[in-house]
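Contents: one structure, followed by commentary.
Number of protein chains: 2
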Amino acid sequence: MGDSSQHVFDAAIALEAGATPGVFSGTTHPAWANMVGPFGGITAATVLQAVMQHPDRLGEPVSYTVNFCAGVADGAFEIEARPTRTNRSTQHWFVQMRQGGEVVTTATAVTAVRRETFSSLEHAPPPMPEPDSLPRGFAPRLEWPRRYDMRFTEGPLPDVWDGREGTTRSRLWVRDAAGRPLDFPGLAALADVFFPRVYVRRARTVPIGTVSMTVYFHADSAQLAATGAGWIQAQVEGQVLRNGFFDATAQLWNRAGDLLVTTNQLVYYKE
Amino acid sequence: MGDSSQHVFDAAIALEAGATPGVFSGTTHPAWANMVGPFGGITAATVLQAVMQHPDRLGEPVSYTVNFCAGVADGAFEIEARPTRTNRSTQHWFVQMRQGGEVVTTATAVTAVRRETFSSLEHAPPPMPEPDSLPRGFAPRLEWPRRYDMRFTEGPLPDVWDGREGTTRSRLWVRDAAGRPLDFPGLAALADVFFPRVYVRRARTVPIGTVSMTVYFHADSAQLAATGAGWIQAQVEGQVLRNGFFDATAQLWNRAGDLLVTTNQLVYYKE
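Note that the protein sequences, when read in sequence, are chains A and B. The opening residue of the first sequence carries number 28 in my numbering; numbering runs sequentially from there. The opening residue of the second sequence carries number 28 in my numbering; numbering runs sequentially from there.
Here it is in structure tokens:
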């Protein structure tokens, strides 16, 4: 687990600060290639990384919405992160990613200084077989899924695309395949790890594209440090597919059963 | 049901276009007062209304995230809506609401031209007694809840604030008390109609404030026209409360059982 060279995740989200504060430049990384352009999760992580690296950041991310405005092309990009409002313990952000002067991604984020309060887990992780007892799934023809070790217990990617009726729920164990410990950009990427609900619902591939993803971070950095590179228990469900758009609602828990992330996305589909 | 004068909802979200395209001015309305300042739902509706009234808008809202950066003060405000990216059938928006030159609310929205496709409801409405058989609940000391007729079947606002342990789920029927038919701003407001999960979980009031709300619109305007001012079946649950922030995840169905909206929010709480 782990290695001495830079992890490909860190290489992909690496940003160089420019002359203007909050403006960064970067380049897409081939290890995270999707069918066309990079995996949405790595884009989400990279855009969040601009907030993480901003010199004026207050606190840690609690809420993050990323909008995929257009396909990100392989190559160079620029990200501009700007605080829109800074309060005593919360801060609001607007972020844009551009390529060739065109906006390809926008995001808003809320960072906050957390304080210890009454806490309660209301959505416990479902019982699932141990990850080590399960085969590694999702044999990838694509590049980015090779970056994750996924062990499905329900709703895997169909073996046969025969158009049979399925449900929209998937359950799996997942972790970084090279043992990179989780941090906030790592969680943002993991929130997008689920393949499209319409694929498992219909056992059929149709053109799709996430238009917006919202991530609520319930973990703080202490909880992430305790989670490390361990297995994450993940569940995702679609609530409705209707006239070109479907949703997916998901949870990520660590081995201790802490709910690290709740996340939702809206996805365009054709046909 | 209904009246010939302007509904207080329309009065509250009324915007006047300024000299600069996409810049609007408005004023908070006393009928929607919360404990301090206006109900978050009416702010969400008003910010979305700036997108609805923008002369360059393409299609109807499908995704909407509103960030409550600071308390909105009673009085005048300015809203600036700007398309960040316009594609062939989708359009991305960034919106800011300002008071006295300070940003109080930000939002991103995606509007889209929908096409008829394979559709499937995966999250059906739960069985609930008929609304007319239930008493009108949530006797309001505040102004804004009087704008809605709410009939709870589960998880009402506690009668006694005795600190007993509860769950975070509420189920209710809800409709505009004056019979205003639903439209997209109306749905955005309704997405914020649920009182704070921490109140019902703990039978105790603590200071709270929504920091971000995301609304996915699965309904199009034809479905909204069919829904009219009829009863909406609503369910909300909190998945976790942890160190100052809790989430709420909710669904809104019409009487025909169509899932009009799925929505999530992250709420700050103290203690």
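For every residue, glycine included, the Cβ atom is placed at its ideal position computed from N, Cα and C.
Member of the options whose CA lies at the smallest distance from the CA of residue i
i, options, result
"Asp-203(A)", "Pro-234(A), Lys-297(A), Ala-134(A), Arg-163(A)", "Arg-163(A)"
"Thr-117(A)", "Leu-148(A), Thr-92(A), Arg-84(A), Ser-146(A)", "Arg-84(A)"
"Arg-109(A)", "Met-155(A), Val-74(A), Phe-145(A)", "Val-74(A)"
"Thr-254(B)", "Arg-231(B), Ala-283(B), Val-233(B)", "Ala-283(B)"
"Pro-158(B)", "Ala-151(B), Arg-198(B), Arg-168(B)", "Arg-198(B)"
"Trp-59(A)", "Ala-38(A), Glu-43(A), Glu-181(A)", "Ala-38(A)"
"Arg-229(B)", "Ala-252(B), Gly-193(B), His-150(B)", "Gly-193(B)"
"Ala-125(B)", "Ala-139(B), Ala-136(B), Gly-98(B)", "The amino acid at residue 125(B) is misidentified as Ala; the sequence shows Arg. Among Ala-139(B), Ala-136(B), Gly-98(B), the Cα nearest to that of Arg-125(B) is on Gly-98(B)."
"Ala-249(B)", "Val-63(B), Leu-209(B), Thr-144(B), Met-155(B)", "Leu-209(B)"
"Ala-256(B)", "Gly-213(B), Tyr-243(B), Gly-68(B), Gly-271(B)", "Gly-213(B)"
"Leu-148(B)", "Gln-266(A), Ser-160(A), Asn-94(A), His-119(A)", "Gln-266(A)"
"His-81(B)", "Arg-142(B), Pro-48(B), Arg-115(B), Gly-127(B)", "Pro-48(B)"
"Asp-186(A)", "Glu-170(A), Thr-195(A), His-150(A), Val-227(A)", "Val-227(A)"
"Phe-272(B)", "Glu-298(B), Ser-160(B), Ala-103(B), Glu-170(B)", "Glu-298(B)"
"Trp-258(B)", "Ile-40(B), Leu-286(B), Val-140(B), Thr-237(B)", "Leu-286(B)"
"Arg-141(A)", "Ala-77(A), Arg-196(A), Phe-222(A), Ser-90(A)", "Ser-90(A)"
"Gly-128(A)", "Ser-52(A), Thr-290(A), Leu-251(A), Val-78(A)", "Ser-52(A)"
"Met-62(A)", "Ile-40(A), Arg-178(A), Ala-100(A)", "Ala-100(A)"
"Glu-105(A)", "Gln-123(A), Thr-113(A), Arg-115(A), Phe-36(A)", "Gln-123(A)"
Neighbour list for residue i in chain A, Cβ cutoff strictly below 7 Å
i, result
"Gly-286(B)", "Note that residue 286(B) is Leu in the sequence shown, not Gly. Those within 7 Å of Leu-286(B) in chain A are Gln-266, Val-267."
"His-119(B)", "Asn-94, Cys-96, Thr-133"
"Arg-115(B)", "Correct list: empty, because the minimum Cβ distance to chain A is about 11 Å."
"Thr-241(B)", "Thr-92, Thr-241, Asn-291"
Those residues which DSSP pairs with residue i across a bridge
i, result
"Phe-51(B)", "Ala-44(B), Ile-106(B)"
"Gly-236(A)", "Tyr-295(A)"
"Gln-118(A)", "Thr-113(A), Thr-138(A)"
"Val-242(B)", "Tyr-91(B), Thr-290(B)"
"Trp-200(A)", "Arg-178(A), Gln-260(A)"
"Met-155(A)", "Paired residues: none, contrary to the question."
"Ser-147(A)", "Leu-268(B)"
"Gln-126(B)", "Glu-129(B)"
"Pro-65(A)", "Ala-60(A)"
"Phe-300(A)", "Shown here, chain A extends from 28 to 298; a query on residue 300(A) therefore has no answer."
As assigned by DSSP and simplified to three states, the class of residue i
i, result
"Gln-278(B)", "strand"
"Phe-36(A)", "helix"
"Asp-30(A)", "Residue placement at Asp-30(A) is poorly supported in this model, since its pLDDT is 47, which falls under 50; the coordinates still yield a value, given next. The answer is coil: DSSP assigns Asp-30(A) none of H, G, I, E or B."
"Met-79(B)", "helix"
"Ala-230(B)", "coil"
"Ala-60(A)", "strand"
"Phe-221(B)", "coil"
"Thr-73(A)", "helix"
"Gly-213(A)", "helix"
"Arg-168(B)", "coil"
"Leu-251(B)", "helix"
"Arg-173(A)", "helix"
CB-CB length for residue i against residue j, believed under 8 Å
i, j, result
"His-56(B)", "Arg-207(B)", "With a Cβ gap of about 14 Å, His-56(B) and Arg-207(B) do not count as contacting."
"Val-288(B)", "His-245(B)", "7 Å"
"Glu-87(B)", "Asp-247(B)", "6 Å"
"Thr-92(A)", "Thr-276(A)", "So it is not a contact: roughly 14 Å between Cβ atoms."
"Ser-146(A)", "Arg-269(B)", "4 Å"
"Tyr-295(A)", "Ile-235(A)", "6 Å"
"Gln-292(A)", "Pro-153(A)", "20 Å between Cβ atoms; not a contact."
"Cys-96(A)", "Thr-132(A)", "6 Å"
"Leu-217(B)", "Leu-279(B)", "6 Å"
"Thr-138(A)", "Trp-120(A)", "7 Å"
"Thr-237(B)", "Gly-67(B)", "5 Å"
Residue i CB to nearest heavy atom of the ligand FAD below 7 Å
i, result
"Ala-253(A)", "Annotation note on the ligand FAD: not contained in the displayed structure, which lists no ligands."
Per-residue contacts from residue i into chain B (C-beta, under 9 Å)
i, result
"Tyr-296(A)", "Thr-144, Phe-145"
"Thr-111(A)", "Asn-94, Cys-96, Gln-123, Val-130, Thr-133"
Residue i: contacting residues in chain B (beta-carbon distance under 8 Å)
i, result
"Gln-278(A)", "Gln-266"
"Asn-270(A)", "Arg-141, Arg-142, Glu-143, Thr-144, Ser-146, Asp-247"
"Leu-137(A)", "Residue identity differs from the one stated: residue 137(A) is Val in this sequence, not Leu. Under the 8 Å cutoff, chain B gives Asn-94, Val-238, Ser-239, Leu-293."
"Thr-195(A)", "Glu-149"
Under 7 Å by beta carbon: chain B residues contacting residue i
i, result
"Leu-148(A)", "Val-267"
"Asp-274(A)", "Tyr-243, Thr-289"
Beta-carbon neighbours of residue i, restricted to chain A and to distances below 9 Å
i, result
"Asp-189(B)", "Those within 9 Å of Asp-189(B) in chain A number zero; the least Cβ separation is about 16 Å."
"Val-89(B)", "Val-238, Ser-239, Gly-271, Phe-272, Leu-293, Tyr-295"
Within chain A, partners of residue i - CB distance below 8 Å
i, result
"Arg-228(B)", "Ser-147, Glu-149"
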